[in-house]
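Student: Before I ask anything, let me first share the structure, which is written out below as structure tokens.
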Amino acid sequence: MILPPDRNASDEARPPERLSRPVPHSTIRPPDHDPQAPSIQVEGLSVRFNGSDVLYEVSFALGAGQRLAVVGPNGAGKTTLFRVLAGLLRPADGHVRIFGHGPGGDTCIAYVPQRSQLDLTFPVTAAEVVMMGRIREIGMLRWPGRADWRAVHQALERVGLTESAGRPIGELSGGQQQRVFLAQALAQEAELVLLDEPFTGLDFPSVESLFQILDELQASGVTEIISTHDLNLASERFAQVLLINRRLIAAGPPSQVLTQANLVAAYGGHIHRLPEGDGVLIVTDTCCEGDEAA
Amino acid sequence: MSAVFAWLAEPLSYPFMVRGLVAALIVGVVCPVLGTYVVLRGMAFFGDALAHIILPGVVIAYLLGLPLVTGALVVGILAALGVGAISRRTDIKEDAAIGVIFAGAFALGIALLSAQRSYAVDLAHILFGNLLGVSEGDLALTAALGIIVLLTVLAFYKEFLVLSFDPVLAVTLRLPVGLLQNLLLVLIAVVIVVSIQSVGVALVLAMLVTPAAAAYLLTHRLPWMMAAGSAIGGASAIVGLYASYYLDIASGPAIVLAETVVFLAVFLARGRLKPS
Amino acid sequence: MKHPERRICALALVSLALLSSCRPSSSSLAQRTLAIADLQPAALDGKPLQVVATTTLVAEVVRIVGGPDITLAMLMGPGSDPHTYEPIPRDARALAEADLVIQSGFGLERFLEDNLLLAGSTAPFVALSDGIEPIRLADGSGEVDPHVWLDPRNVVLWTTNAGEALARLDPDHADGYRRRAEAYRLELEALDRRVSDGLALIPMDQRTLVADHDTLGYFAARFGFTIVGAVIPSASSSADASARELAALEDSIRRERVRAVFIAAEVNPDLAQRVADDTGARLVPLHLESLTGPDGPTPTYVALMEYNVAAIVAGLTQ
């Protein structure tokens, strides 16, 4: 259940907290969650880059085992939001709580960024990439054990890549690579999975198989936050949607969020309204990944 | 047959050749392990710079009468950490910042050496290696450092792997990224120091990069890449040393030439292999 | 014109070639060096004769012979290795102001060639080794060994040459120069006798020498020694050893049962130390290339020869 942004909450009295750098961990502790709190709670999140606001006072909350779509035009700050949640970025202002901890806390978060940044000619196999997700389970100065290999093979099986386990990552197709990184997130046994534009460039069957895995994950209690610029996908496959363009525009079920008014507010001049039969066909400029200030 | 055996055995009847061979072998085997990371992460310039930055450390150690390895290690480790810090923190592009320090430190070393006014030979040895002058103490130190480096890489293998392949993942997995990165840089500094006696400052980059680059053309599996690199490096050390003995050429450059020939052979052969 | 860029390029290349060929050819120093007999008196304008000496050993002879009547500048400092000496700007100034430049000769100053010739000096260059019978290196390369000063009789000739050179350039003080030269010659002849007597302690069959490079040729010829080999078989300490040459040397040392490897204290003993360790011979430093400072063991030539003889005797008899 999503709480709409509530600017009159008494929480406003709480001073914004400066977050510390992500704390490195070398031991595994069972997560101790505050069962009363929503799993993700973001309040007044602001991120500044080179003097300008990349995110400004974004607030939302998400319960455990829920799936949230993050949508907005290019440069809206979607990737920045993910990086804050993953603990890679320090916000200038605001308050982020994940299962009751800050992003640097104990929680197992899997962050699968947009694919373009990695050197895929690196000599690793799919299985080795998946095993990387288990590095904390294995611990320092230890080698992967039988349980770890089992988890890796199970993860590969869930994404349907068992035959490709021993192949170098660079030889797999884009869709297969995407599934490898998803398997990595599975092997990590994360409680929160952040996927940044995972559907980009995938054909319809691949999108379907991806959702199959995401459904299974969600059924096992994993919280999912996924960004996409495909508004149809957001409205059809997600129960909660977060529409941002640096600021929060709307949050809630797709029918409430993806309204004409909200879309105009979010996409601004990128909207073309074409009268079509009984309704209005709205076309937005959603092509091409922009350079989001990260 | 016994003629071939005699031909192989002759150099080994001299202790200085045996010492030189063992030292070169250690260097040839250990360097490509770190060299693999250097090649995969595009750190060749950094490696070369580090080798040159170490020069004043060697010179100062010599002027103070300390073992050269001490000076080299101290400066090398400081340089690795310093350059790492600069490249994270400055507006100047990383390679320009490194270039500034590279050239300045090298000039400092040469200036200090020239103040001695009589040291051309030792400069040649520092720049191009002095395998014939390896003492037993040098050998012991080389072996010890080589073992420490290999054990460290083994211990942190999976962490270095994640750090090199996906630094973002390393952070989200809460690995001590700063520490690991610095550790890797320090390991590179240590193997450079160890290699200076064999091939000198000017050629140590080749010991790091050339066998690893050849190995990269041969295999797509990281552990095999390291193994192949070490095999090429070790074999080249042996071939190079024998070549220097029988052809009367300097040993350090002979080893590097052997490695380069192997690389060229692999490079040319690869063109005919079906891309796997 | 059709292709102006090409003509400019060609012009640039030709200019570059011409400019880069503007340097003294390698035999220029030899051509520039005069025989002492050809020297003419210099115009001194009431000032003392300004003399520049290249090495410490040359400087000592010139200082003794010249006495108070000259102003002497020395290029190389105490303890320096003449084969690898790098000149500094002060050297060029001294050369430019000199009335006479005195070298050791026999190619020792070859590395200084460019500096000597381009310093803009109008002074005559002479070599003290003028008239000494050269010994060529054993490797058949035809190169001359420049370490003539290790035979005291050669330094006697140096003294005579120095006296003559100064007398010709500065006839007003010729008596003083010749007088002091004669006195020093007597000292050197006494030294020569002492050295012979000192070396008599070494039996003839143990008079074998191994040095770190080809330095002891004249010494060996004068006092009846055999040179077994050198760690770096070259007249210059800036050369490097090859593996096979080291191997051959170690074989020779073992075969001839050489007990000591003599090295010049001015060069790096590293490689020679390895050879000594491997063959069981001892490493004995000698002062061969230059004098030390006043606090060192060999501030004068006489001290240098006495020190070396003592060390050689000790090295070969113990």
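Those protein sequence lines, which keep their order, are chains A, B and C. Everything in the first sequence is counted per numbering that gives the first Met the number 0, starting at 0 for the first residue and increasing by one. Everything in the second sequence is counted per numbering that gives the first Met the number 0, starting at 0 for the first residue and increasing by one. Everything in the third sequence is counted per numbering that gives the first Met the number 0, starting at 0 for the first residue and increasing by one. All C-beta atoms, glycine included, are put in the ideal place defined by N, C-alpha and C.
So the alpha helix (DSSP H) L168 of chain B belongs to, where does it begin and stop?
Tutor: Boundaries of the alpha helix (DSSP H) around L168 of chain B: P166 to T171.
Student: Can you check whether the C-beta of A123 of chain B is within less than 8 Å of a C-beta belonging to chain C?
Tutor: yes
Student: Which complete alpha helix (DSSP H) runs does the stretch 237-289 of chain C hold, if anything under 4 residues is left out?
Tutor: As far as the stretch 237-289 of chain C is concerned, its whole alpha helix (DSSP H) runs of at least 4 residues are 242-255 and 269-278.
Student: Return no unless some Cβ of chain B is closer than 8 Å to the Cβ of A118 of chain C.
Tutor: No, A118 of chain C does not count as interfacial toward chain B.
Student: Quick one, are the C-beta atoms of S321 of chain C and P133 of chain C less than 8 Å apart?
Tutor: This structure cannot speak to residue 321 of chain C, because chain C is shown only from 0 to 317.
Student: Considering only C-alpha positions, which residue in the set C:V283, C:A164, C:G45 and C:P232 is nearest to Q143 of chain C?
Tutor: Here the sequence assigns Val to residue 143 of chain C, which means Gln is not the residue at that position. Nearest C-alpha to V143 of chain C among C:V283, C:A164, C:G45 and C:P232: C:P232.
Student: What do you reckon, are the CB atoms on A236 of chain B and G75 of chain B nearer than 8 Å?
Tutor: no
Student: Going along chain B in order, which residues have a C-beta closer than 9 Å to the C-beta of L330 of chain C?
Tutor: Here chain C comprises residues numbered 0 to 317, so residue 330 of chain C is not present and cannot be evaluated.
Student: Answer with yes or no whether the minimum CB distance from E255 of chain C to chain B is below 8 Å.
Tutor: no
Student: Determine whether the Cβ of M42 of chain B lies closer than 8 Å to any Cβ atom of chain A.
Tutor: M42 of chain B has a beta carbon lying at 8 Å or more from every beta carbon in chain A.
Student: Have a look at the DSSP bridge pairing and note the partners of I97 of chain A.
Tutor: A:I39 and A:H100
Student: For the candidate residues C:L99, C:P81, C:D80 and C:G78, whose alpha-carbon lies nearest to that of A72 of chain C?
Tutor: C:L99
Student: I'd like the list of long-range same chain contacts for T297 of chain C, defined as Cβ closer than 6 Å, with 5 residues on each side in sequence excluded.
Tutor: Result list for T297 of chain C: H286, L290, T291, L303 and Y306, in chain order.
Student: When we look at the beta-carbon of G267 of chain A and count the other beta-carbons within 10 Å, is it buried (16 or more) or exposed?
Tutor: Answer is exposed; the Cβ neighbour count stays below 16.
Student: Of all the options C:L270, C:E96, C:L43 and C:L107, which has the alpha carbon lying nearest to the alpha carbon of A29 of chain C?
Tutor: C:L107
Student: Going by C-alpha distance, which of C:A126, C:V227 and C:Q272 is nearest I35 of chain C?
Tutor: Cα-wise, what sits closest to I35 of chain C is C:A126.
Student: When you compare the CB positions of G19 of chain B and I254 of chain B, do they come within less than 8 Å of one another, or not?
Tutor: no
Student: Would you check if the stretch 107-118 of chain C and the stretch 172-181 of chain C touch, i.e. whether three or more CB-CB distances between them fall below 8 Å?
Tutor: no
Student: Between the C-alpha atoms of T26 of chain A and L174 of chain B, what's the straight-line distance to the nearest angstrom?
Tutor: Bear in mind that a pLDDT of 30 at T26 of chain A, under 50, signals an unreliable position, so the number given afterwards is only what the model happens to contain. When rounded, the distance between both Cα atoms is 11 Å.
Student: Decide if the stretch 162-177 of chain B is in contact with the stretch 44-54 of chain B; the criterion is three or more beta carbon pairs, one per stretch, under 8 Å apart.
Tutor: no
Student: Pair every Cβ in the stretch 111-131 of chain A with every Cβ in the stretch 55-74 of chain A, then say whether three or more of these pairs are closer than 8 Å.
Tutor: no
Student: Using Cβ-Cβ distances below 8 Å, what residues of the stretch 107-133 of chain A are close to chain B?
Tutor: Those residues of the stretch 107-133 of chain A that come within reach of chain B (Cβ to Cβ, closer than 8 Å) are I108, A109, Y110, P112, Q116, L117, D118, F121, P122, V123, T124, E127, V128, M130, M131 and G132.
Student: Establish whether the CB of D247 of chain B and some CB of chain C are separated by less than 8 Å.
Tutor: yes
Student: Which residues in chain A sit within 7 Å of L172 of chain B, going by Cβ to Cβ distance?
Tutor: I134 and R135
Student: When you compare the CB positions of V57 of chain B and I125 of chain B, do they come within less than 8 Å of one another, or not?
Tutor: yes
Student: Quick one: does G86 of chain A have its CB under 8 Å from some CB of chain B?
Tutor: Closer than 8 Å to some Cβ of chain B, the Cβ of G86 of chain A qualifies, so yes.
Student: Near L190 of chain C, what residues of its chain come up, given a Cβ to Cβ distance below 7 Å and the 5 sequence neighbours on each side ignored?
Tutor: P151, V301 and M304
Student: Report yes if the C-beta distance between E215 of chain A and C107 of chain A is below 8 Å; otherwise report no.
Tutor: no
Student: State yes or no: is the beta carbon of E249 of chain C nearer than 8 Å to at least one beta carbon in chain B?
Tutor: yes
Student: Rounded to whole angstroms, what's the CA-CA distance from L88 of chain A to R82 of chain A? Just pull it up for me.
Tutor: 6 Å
Student: Would you decide whether E127 of chain A is buried or exposed? Buried here means 16 or more other CB atoms lie within 10 Å of its CB.
Tutor: buried
Student: Does the distance from the CB of G233 of chain B to the CB of V198 of chain B come in under 8 Å?
Tutor: no
Student: Would a C-beta distance cut-off of 8 Å place A184 of chain A and Q65 of chain A closer than the cut-off?
Tutor: Judged by beta-carbon spacing, Q65 of chain A lies beyond the 8 Å limit of A184 of chain A, meaning their Cβ atoms are not closer than that value.
Student: Should the stretch 5-20 of chain B be called in touch with the stretch 126-142 of chain B, which here means at least 3 C-beta pairs below 8 Å?
Tutor: yes
Student: Please return the same chain residues whose Cβ sits closer than 7 Å to the Cβ of G220 of chain A, not counting the five positions on each side in sequence.
Tutor: A63 and G64
Student: Hey, could you find the ends of the alpha helix (DSSP H) P243 of chain B is sitting in?
Tutor: Strictly speaking, residue 243 of chain B in this sequence is Ser, with Pro absent from that position. That run of the alpha helix (DSSP H) goes L221 to L246.
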